[in-house]
Every structure is written in C-alpha cells, then in structure tokens.
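>
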Amino acid sequence: MKLRTARTLTGAYLVAALVFVTWPGLLPFARIEPLVLGLPFSMAWIAGWVIGVLVVLVLLDRVEKRHRDGGDD
Amino acid sequence: MEQWIVVTIVIALYLGLTLTIGLLAGRRSSHSVTGYVAADRSFGLVVMYFVTGASVFSAFAFLGGPGWAYSRGMAVLYILAYGAIGMAPFYWLGPRIASLGRRHGYVTQAQLLTGRFPSRNLSALIALLSLIAFVPYITVQMRGAGIVIEAVTDGHVPLWLGALVAYGIVIVYVLSAGAMAVGWTNTFQGVFMVVIAWTLGLYLPYRLYGGIGPMFERIAEARPEMLVPPGLDGTGAPWTWGAFSTFILVSAIGLMMWPHLFMKAFTAKDDDTMRRTVILFPTFQLFLIPVFLIGFSGVLFTSAPPAPDFILPHMILETRLPAVVVGLFCAGALSASMSTGDALLHASASVFVEDGVAKYTVLNDHQQRLLMRVVVLVTGAVAYFFALDPDSSLVLLLASAYGIISQFAPPVVAALYWRRATTSGVVAGLVAGTATAFFFWRFAALKPLDMHEGVIGLLVHVPVLVAVSLMTPKQDPELVERFVS
Numbered sequence: 001m002k003l004r005t006a007r008t009l010t011g012a013y014l015v016a017a018l019v020f021v022t023w024p025g026l027l028p029f030a031r032i033e034p035l036v037l038g039l040p041f042s043m044a045w046i047a048g049w050v051i052g053v054l055v056v057l058v059l060l061d062r063v064e065k066r067h068r069d070g071g072d073d
Numbered sequence: 001m002e003q004w005i006v007v008t009i010v011i012a013l014y015l016g017l018t019l020t021i022g023l024l025a026g027r028r029s030s031h032s033v034t035g036y037v038a039a040d041r042s043f044g045l046v047v048m049y050f051v052t053g054a055s056v057f058s059a060f061a062f063l064g065g066p067g068w069a070y071s072r073g074m075a076v077l078y079i080l081a082y083g084a085i086g087m088a089p090f091y092w093l094g095p096r097i098a099s100l101g102r103r104h105g106y107v108t109q110a111q112l113l114t115g116r117f118p119s120r121n122l123s124a125l126i127a128l129l130s131l132i133a134f135v136p137y138i139t140v141q142m143r144g145a146g147i148v149i150e151a152v153t154d155g156h157v158p159l160w161l162g163a164l165v166a167y168g169i170v171i172v173y174v175l176s177a178g179a180m181a182v183g184w185t186n187t188f189q190g191v192f193m194v195v196i197a198w199t200l201g202l203y204l205p206y207r208l209y210g211g212i213g214p215m216f217e218r219i220a221e222a223r224p225e226m227l228v229p230p231g232l233d234g235t236g237a238p239w240t241w242g243a244f245s246t247f248i249l250v251s252a253i254g255l256m257m258w259p260h261l262f263m264k265a266f267t268a269k270d271d272d273t274m275r276r277t278v279i280l281f282p283t284f285q286l287f288l289i290p291v292f293l294i295g296f297s298g299v300l301f302t303s304a305p306p307a308p309d310f311i312l313p314h315m316i317l318e319t320r321l322p323a324v325v326v327g328l329f330c331a332g333a334l335s336a337s338m339s340t341g342d343a344l345l346h347a348s349a350s351v352f353v354e355d356g357v358a359k360y361t362v363l364n365d366h367q368q369r370l371l372m373r374v375v376v377l378v379t380g381a382v383a384y385f386f387a388l389d390p391d392s393s394l395v396l397l398l399a400s401a402y403g404i405i406s407q408f409a410p411p412v413v414a415a416l417y418w419r420r421a422t423t424s425g426v427v428a429g430l431v432a433g434t435a436t437a438f439f440f441w442r443f444a445a446l447k448p449l450d451m452h453e454g455v456i457g458l459l460v461h462v463p464v465l466v467a468v469s470l471m472t473p474k475q476d477p478e479l480v481e482r483f484v485s
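Order-wise, the sequence lines are chains A and B.
If you number the first sequence the way the numbering used here does, the last residue is 73 and the count never jumps.
If you number the second sequence the way the numbering used here does, the last residue is 485 and the count never jumps.
1. Does LEU363 (chain B) come out as helix, strand or coil in the three-state DSSP assignment?
2. Is LEU470 (chain B) helix, strand or coil when you go by DSSP?
3. Give a yes or no on contact between the stretch 323-342 of chain B and the stretch 161-180 of chain B, applying the rule of three or more CB pairs nearer than 8 Å.
4. Give the residues from the stretch 18-49 of chain A that approach chain B closer than 7 Å (Cβ to any Cβ), ordered along the chain.
5. Could you tell me the alpha carbon to alpha carbon distance between VAL56 (chain B) and LEU232 (chain B), rounded to whole angstroms?
6. Cβ of LEU249 (chain B) within 9 Å of Cβ of HIS452 (chain B)?
7. With three or more beta-carbon pairs closer than 8 Å as the criterion, would you say the stretch 261-277 of chain B touches the stretch 100-115 of chain B?
8. Alpha carbon to alpha carbon, how far is LEU430 (chain B) from TYR384 (chain B)? Give it in angstroms, no decimals.
9. Can you tell me the Cα-Cα spacing of SER303 (chain B) and LEU370 (chain B), whole angstroms?
10. Flag TRP68 (chain B) as yes if its beta-carbon sits less than 9 Å from any beta-carbon of chain A, otherwise no.
11. With DSSP collapsed to three states, give me the class of ASP73 (chain A).
12. For ASP61 (chain A), which residues in chain B fall below 7 Å Cβ to Cβ?
13. Which one of A:ILE46, A:LEU3, A:GLY25 and A:THR8 has the shortest CA to CA distance from TYR78 (chain B)?
14. Does the Cβ-Cβ distance between LEU344 (chain B) and ILE212 (chain B) come in under 9 Å?
15. Consult DSSP for PRO28 (chain A) and reduce its assignment to one of helix, strand or coil.
16. How would you write the range of the alpha helix (DSSP H) that THR52 (chain B) sits in, first residue to last?
17. Which residues, in order along the stretch 311-326 of chain B, keep a beta-carbon less than 7 Å from a beta-carbon of chain A?
18. Classify GLU64 (chain A) as buried or exposed, calling it buried when 16 or more other Cβ atoms lie within 10 Å of its own Cβ.
19. If you draw a straight line from the alpha carbon of LEU63 (chain B) to that of GLN285 (chain B), how long is it in whole angstroms?
20. Would you mind listing the alpha helix (DSSP H) stretches within the stretch 421-465 of chain B that are 4+ residues and don't spill past its ends, in chain order?
21. In chain order, what are the residue ranges of uninterrupted alpha helix (DSSP H) at least 4 long that sit wholly in the stretch 216-244 of chain B?
22. Excluding sequence positions up to five away, which residues of its chain have a Cβ less than 6 Å from the Cβ of ASP73 (chain A)?
23. Would you mind stating whether ALA401 (chain B) and ILE132 (chain B) have Cβ atoms separated by less than 9 Å?
24. Is MET274 (chain B) closer than 9 Å to ALA98 (chain B) when the C-beta atoms are compared?
25. List, in order along the chain, the chain B residues whose C-beta lies closer than 8 Å to that of TRP14 (chain A)?
26. Name the DSSP beta bridge partners of LEU39 (chain A), please?
27. Please state if the CB of ARG419 (chain B) and the CB of MET48 (chain B) are separated by a distance shorter than 9 Å.
28. Which bits of chain B does LEU9 (chain A) rub up against, with CB to CB less than 8 Å?
29. Look at the Cβ atom of THR10 (chain A), then the Cβ atom of TYR91 (chain B), and state whether they are nearer than 9 Å.
30. What do you reckon, are the CB atoms on SER119 (chain B) and VAL351 (chain B) nearer than 9 Å?
31. Quick one: using the 10 Å Cβ neighbour count with 16 as the cut-off for buried, is HIS183 (chain B) buried or exposed?
32. What's the gap between the Cα of TRP198 (chain B) and the Cα of LEU100 (chain B)?
33. With a Cβ-Cβ cutoff of 9 Å, do LEU227 (chain B) and PRO24 (chain A) count as a contact?
34. Whole angstroms is fine: what's the gap from ALA69 (chain B)'s alpha carbon to VAL148 (chain B)'s?
35. Counting only beta-carbon separations shorter than 9 Å, does ASP73 (chain A) have a partner in chain B?
36. On the premise that GLY298 (chain B) lies in contact with PRO311 (chain B), defined as a C-beta separation below 8 Å, what is that separation, rounded to the nearest angstrom?
In structure tokens, the structure reads:
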C-alpha cells in the first residue's frame, strides 16, 4: 500500500472513531443490550474503537516502516 | 496484628521501594539540564511505555474513574473514549518533535514553539499557563494519595500526613534525579497499578454478583438510566450530549499537549521507541475498564461511601479483603497518584525555569538545576496547601485546566505543518483562545449547548490564529523550512 493511502486511511479511522464515540455517532449504540463479554453494549462499543486504534496503528506502522527502510512505497 | 498496622507496613515497604528505585535511577543520569529534564534522551520501549501510561493515568483515573462510574454511570465512558484517539497523532508528531529536539537542543514544548515563533513573551505565556494548569492537577494527586491512606488506615494516618509522606518521597527523588528517576519509578508504578486494577476489577463483580454480566443485569433492572450514555451529571440528572461529546473532544486534543506528556517526546531514545509507545498505548487505555467495574460494583452495594471518590477504598474495606491485599491496593492507588504527581512537579519546574526565567536572565547549567529544584519545592508546597482545603473545588479547576492545555494544540500544529503561520498570529490566537475558555469557565451558564469551555476557546482560537497570521508578513523561509518539511 502507498504511504499516502495508509496515512489517509489512518486519519479517516481516527475521525470516524471520534464521530462514533460522541454525539451523534454514538446515538444508535447508546444502549445496554446486548451485553458483550458481560459489558453493556455502549462500553464494549467504545472499547472496540480503542482496540481498533491499536490495530490501525500496527498496520500503519508496517507500511511506514517499509517506506523508511527504502523499499518501494 | 490489627489490620491497619499490616496495611501501613505494606504501604511503607512500597514507598521505600519507590524511593530506592528513584534514587538508584538518578545515579545513572548526567548532571546536565538535558540529563535532568530529558534523561539524556535515553528511554527505551519498556520505560517509555510505562512512563507514558503511568503519567496519563493518575489519581483522577484510579479514584475519580470508579467515583464517576459509581455516581454518574456511563458518563465515565468519556474517559475511556479520548485517550487512544488523542495519542494516535503522536505517531507522526512525536518523531518530528523529537528530531527537532535533538537537532536544536529543545527539552520543553515552549522551546520548540519559540524556535519557530521567536518571542520570549510567548515563551513566558506558555510557562505561565502551564503552571496555572499544573497546580490543581498536582493538588488532585496529593489529595488522592492522602484520601487513600487515610481511608485504609482507618484514619490512623490522616490525610495531611499521608499526602505529606507520599509527596515528600516524590520530591526527594524528583529533586535528586529528575527525569531518570521519574522514568524508572513510573515503570515500577505502572506495572503495579495495572496488575491491581485488573485483579480488583474482575474480582469484585464476581465476589458480589457472580460475574460482570450478572452485575450489569442487576444494575440494568434497578438503575437503567445509569447504563446509557451520556449518563448522569453530578446531581444525578441526565448529562447532556453536548458536554459528553466536547469533554471527549477537548481531552483528546489536550491530552498530549500537557507539558509533562509532550516533554516525553524529548526523552525517547529513538523514533521507533516513540512510535511503538504510541501504538501500544491503547492497551494501557483498556485498563480503565476494570477500574470502571470497581465503581459499578458499588452501585447496588448495601452501604455508601462518604463521597463518590471514596468508592474504591470503601469497596475494599467493606468486602473484608485480607489486610495485605488492602495494602497492595493502596500501593496501586498511590502509584497512580505519585507517578503522575512526580511527572507534573518535574515538568512544572522545567517549564518555569527553561521557558520563563531563563528567557529574561542568563543562567548557567548549575544555576538552572538549582532553580528548578527550588521551583519543585515551591510548587509542591502550594499544591499541598490547596490539598488540605476540604472545600476546594478541584474537579472544576481540573476540568478547566484542560480548557487551558487544549489551547496549546493549534500553535503546535501550526509550528510543524503551516508555513504561513506567524508569531503574531500564534500569540493572538493563544491569548484569544485562553481568554474565551476562561470567560466561559467563569460564566458557565452562558456556554452554548453545554459545551466544554476549551472547545469554545478553540472555536475562537483557530480563526484568530489564521486571520492574524494572514494579515502579518510571512516568516523567513529559511526558518520555516527547519520546522515544516
């Protein structure tokens, strides 16, 4: 993947995360049921976006690293 | 042996160990300002990971988090939501800041900003605003330490003494060793608080309700309004979406602008270390979940604590855990308080001397280090004075501290990414933004949509920065080139 694409996608994910953990993006998910691993849905939903940040950054890092090492981007 | 004696022994052992680690680490540091402020730029991944995590998660998260979950329900999710999002841009920003630091010898945020926007008044303004934001933050940490010790020792060690001893130790190792001590003690403290939080957060729901799911099912029956965001406000009425959302926004923007966190970028050994710290930060963030569970486990509990912030020690004492466990918990909470408090004290001294005083008089390395130590003592004393005042409205002060801190974001972004930004623009924006935030903090009833005053400040700040920059002459392209590439 090109470096530029990876950066844009990461930025897009972060913006989406911000939208979906605040008003109005959180509205449809601001509920208790179903419980996920015992947690109310809204808590699991936000935790999911946090874990997503980890995943996205790991993927971004792989692309950035290849680019830094001088490989083709 | 009586429980409180066992608890006190465990705490004493913990404090002794922290002090030893702090002092030993200090012996590895050089006697230069870079050594004191930026630990000779030597931190590897493990230290950086825990330094960052432990300085972000303070007594506010460890005591305030459960307190919010207990009294305000899902309002507490705002604390879970902002951290990872706020930290992520540092994957790019961090290495750039670090490389500028290495090239030009910067060790503070203001040095970086005034490198691009030369103005000693800008530097002094940043130093002043940082200090104003720091004092209530340090006070919260001290009070947190005092509250925990007083609660678990049955009042045998009162708040004033607990806070004094805990922070006496912090001041000793911050004074003697600076950033190196902060780094190594935070590694120790970070491990400690993560282990304690997960253990207790999983244990309490099982012990009291037979599991996390059953606990929330019971709360959903009895207090369903608590389990739906944006939760409740301090009085028990529903919180507004405007406040919930803008708290997340202002905290995400402000998080890495805290000078004590921003300065961490100058302590990393290399760029890869810093990038990995940012990548792994969400794993630290998840430790808030067990912290919240501790608070939720108190919602339907038979007895109530004297105040929501006491819910954690309350649960531990009421569920009759063994004394050693109570002592260990207490050490975990102290870790949270002290690991942020030390970083704050250390940063306030560095910022005040490097960015304030040193801009107006010439100090040699030795005088600077001496003055920094004086500032650590004075700041500590001022915060301690406020910590003893039972009526001080610290949560309010702390919330508005974010209003100030978030105003550092536009100048940082402008310095690194916007060629056309000018010194006048940045100063004007900072003054306008801070003044607006202060105004709406003071007259909270006027806030549109119940928005956090920091966000309103930013809505004024950014247009002013842009407009004034465009109205003033361009900067020297050679200067700009060093920062924007």
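Beta carbons are placed, not taken as given, at the ideal position from N, Cα and C, and that holds for glycine.
None of these values were measured; they are calculated from a predicted model.
This is what the structure gives:
1. coil
2. helix
3. Counting C-beta pairs closer than 8 Å gives three or more between the stretch 323-342 of chain B and the stretch 161-180 of chain B, which meets the contact rule.
4. Residues passing the 7 Å Cβ filter: LEU18, VAL21, THR22, TRP23, LEU26, ALA30, ARG31, ILE32, LEU35, GLY38, LEU39, PRO40, SER42, MET43, ILE46 and ALA47.
5. 24 Å
6. yes
7. yes
8. When rounded, the distance between both Cα atoms is 29 Å.
9. When rounded, the separation of the alpha-carbon atoms in SER303 (chain B) and LEU370 (chain B) is 50 Å.
10. For TRP68 (chain B), the answer is no, since every Cβ of chain A falls outside 9 Å of its Cβ.
11. With a pLDDT of only 44 at ASP73 (chain A), under 50, the local geometry of the prediction cannot be trusted, and the value read off the model is given with reservation. If DSSP states are grouped into helix, strand and coil, ASP73 (chain A) belongs with coil.
12. ARG275 and ILE279
13. A:ILE46
14. no
15. helix
16. 45-56
17. none
18. buried
19. 16 Å
20. 423-442
21. none
22. Since pLDDT at ASP73 (chain A) reaches only 44, below the 50 mark, its modelled position is unreliable, and no value is offered.
23. Judged by their CB atoms, ALA401 (chain B) and ILE132 (chain B) are nearer to each other than the 9 Å cut-off.
24. yes
25. Rather than Trp, the amino acid found at residue 14 (chain A) in this sequence is Leu. Ordered by position in chain B, the residues that pass the 8 Å Cβ test against LEU14 (chain A) are ILE85, ALA88 and PRO89.
26. Per DSSP, the beta-bridge partners of LEU39 (chain A) are A:VAL36.
27. Taking the C-beta atoms as reference points, ARG419 (chain B) is found no nearer than 9 Å to MET48 (chain B).
28. Those within 8 Å of LEU9 (chain A) in chain B number zero; the least Cβ separation is about 13 Å.
29. yes
30. no
31. The question names His, yet the displayed sequence has Gly at residue 183 (chain B). With 16 or more Cβ atoms within 10 Å of its Cβ, GLY183 (chain B) is classed as buried.
32. Spanning the two alpha carbons is a distance of roughly 38 Å.
33. Taking a C-beta distance under 9 Å as the contact criterion, LEU227 (chain B) and PRO24 (chain A) do not qualify as a contact pair.
34. Cα-Cα distance, rounded: 18 Å.
35. Caution applies to ASP73 (chain A), whose pLDDT of 44 falls short of 50 and renders its modelled position unreliable; the value that the coordinates give is listed next. Output row for ASP73 (chain A): interface = no.
36. Note that residue 311 (chain B) is Ile in the sequence shown, not Pro. ILE311 (chain B) to GLY298 (chain B), Cβ: 5 Å. Contact.
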